[in-house]
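Using numbering that gives the first Met the number 0, read the sequence shown as starting at 0 and increasing by one per residue.
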Amino acid sequence: MNIAISVRQVRKSYGEFVAVDNLSLEVPAGTIFGLLGPNGAGKSTTIRMIVNITMPDTGEIRLFGQPMNAQLQQRVGYLPEDRGLYKKMKVGEQLVFFAELKGMQRDAIRREVDRWLARVEMSDWKNKKWEELSKGMQQKIQFISTILHSPDLVILDEPFSGLDPINVGLLKEIVQELRQAGRTIIFSTHLMEQAEEMCDEICLINRGVKLLGGPIREIKRQFGWHHVAIDGEGFEETLAANPAVTGITVTRDHTQVTLTPGTDPQELLQGLIARGARLTRYELVAPSLNEIFIRSVRESARQ
């Protein structure tokens, strides 16, 4: 397996505050990797160390097998959580300026600027100043500035904040296209639904400490299958009386049941049928990433 980023036993503190504590992770090349955690968990600090904005106190970070250097910087596109370009500068001029900093030639830059502005439906705003744009428009322009030079590694820190659902969908589509083209994407967020939809692997951190990591499927398997989606008739009373059922949630199209860990879902099914239930759906449901996130953070807080 090719590793795009290797973080080994990294620690970063600011005075007595430890922002990142003995963190290790590996990001496989060509994947979307979720760096997840609540606000203040240490995600942005970790990213700043990866792109060499700040240095770790101890530990080692390698990109594509090497310590960060000027050549590697050219292969990275970074969208920080704190947005902002030059307010009085026109959109097209800003994109050209940042692409030149990444070593692109001006003729190629102008073609790519026009292509990407058309892709995000902002061609008519090319000669507008940054300050004339809405927050969502500014976000799309900064996203373009991040990927314009075709970086091998794209780091996106809360990339969808300030965007409406249509533009969120557009940028998600572009991120998936980058992945299909072989790029590596680090996607940092505290919104688990977005991570579950997009990421191949994750690392969940809280208070600077890694709580869990790996492929999402394997993580869900570790947390067990304690939920069953049920639909049909004549099962409600039997469920309510079953001591193995610890929770019942009724949604618009099914009833979701939470079982005690270790309960055999087949025994519950057999019991329902034996008592006359007529079921049109009985389906094991994996725990959501949001549920795993909440459980992991709460357990770490008790330690």
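Glycine is no exception: its CB is placed at the ideal position from the N, C-alpha and C atoms.
Same chain, Cβ closer than 6 angstroms to residue i, five either side skipped, listed in chain order
i: D230; result: H253, T279, R280
i: L35; result: A194, I201, L203
i: M67; result: N51
Range of the contiguous beta strand (DSSP E) that encloses residue i
i: R251; result: Looking at the DSSP string, R251 is not in any beta strand (DSSP E), and its letter there is neither H nor E.
i: I201; result: 200-205
i: P214; result: 208-214
i: G29; result: That residue, G29, is in no beta strand (DSSP E); it is neither H nor E in DSSP.
i: C11; result: Here residue 11 turns out to be Lys, not Cys, going by the sequence shown. Its beta strand (DSSP E) spans residues 2-13.
i: V227; result: 226-232
i: V284; result: 277-284
Secondary structure of residue i, DSSP reduced to three states
i: D156; result: strand
i: Q73; result: coil
i: L84; result: coil
i: F63; result: coil
i: N126; result: coil
i: I184; result: strand
Between the CA atoms of residue j and residue i - distance to the nearest angstrom
i: V6; j: E235; result: 50 angstroms
i: I184; j: R74; result: 12 angstroms
i: P79; j: G102; result: 20 angstroms
i: I291; j: C198; result: 15 angstroms
i: Q70; j: D151; result: 12 angstroms
i: P55; j: R10; result: 6 angstroms
i: Q179; j: I31; result: 10 angstroms
i: G83; j: N38; result: 20 angstroms
i: T262; j: H226; result: 10 angstroms
i: T257; j: E217; result: 20 angstroms
i: R109; j: R251; result: 51 angstroms
i: S43; j: R118; result: 28 angstroms
i: Q8; j: R61; result: 12 angstroms
i: R274; j: E232; result: 11 angstroms
i: L132; j: L162; result: 13 angstroms
i: S144; j: R182; result: 16 angstroms
Cutoff 8 angstroms; reference residue i; Cβ partners in own chain excluding five residues on either side
i: W224; result: P264, L283, V284, A285, P286
i: V167; result: F159
i: T57; result: Q8, V9, R10
Of the residues the options, the one placed nearest residue i, counting alpha carbons only
i: T259; options: A273, S160, A243, E266; result: A243
i: R294; options: D163, K86, M191; result: M191
i: A40; options: H189, R105, I2, R206; result: R206
i: R297; options: M136, F142, L210; result: L210
i: K87; options: G58, T53, E130, Q65; result: E130
i: I146; options: V167, L177, K171; result: L177
i: S12; options: L24, G29, A3, T45; result: T45
Contact with chain D by residue i, beta-carbon distance below 7 angstroms
i: F159; result: You won't find chain D in this structure, because it holds only one protein chain.
Neighbourhood of residue i by C-beta distance below 7 angstroms, restricted to the same chain and skipping five residues each side
i: M0; result: P27
i: L271; result: F234, T237, L278
Limits of the unbroken alpha helix (DSSP H) element including residue i
i: R178; result: 164-179
i: T237; result: 235-240
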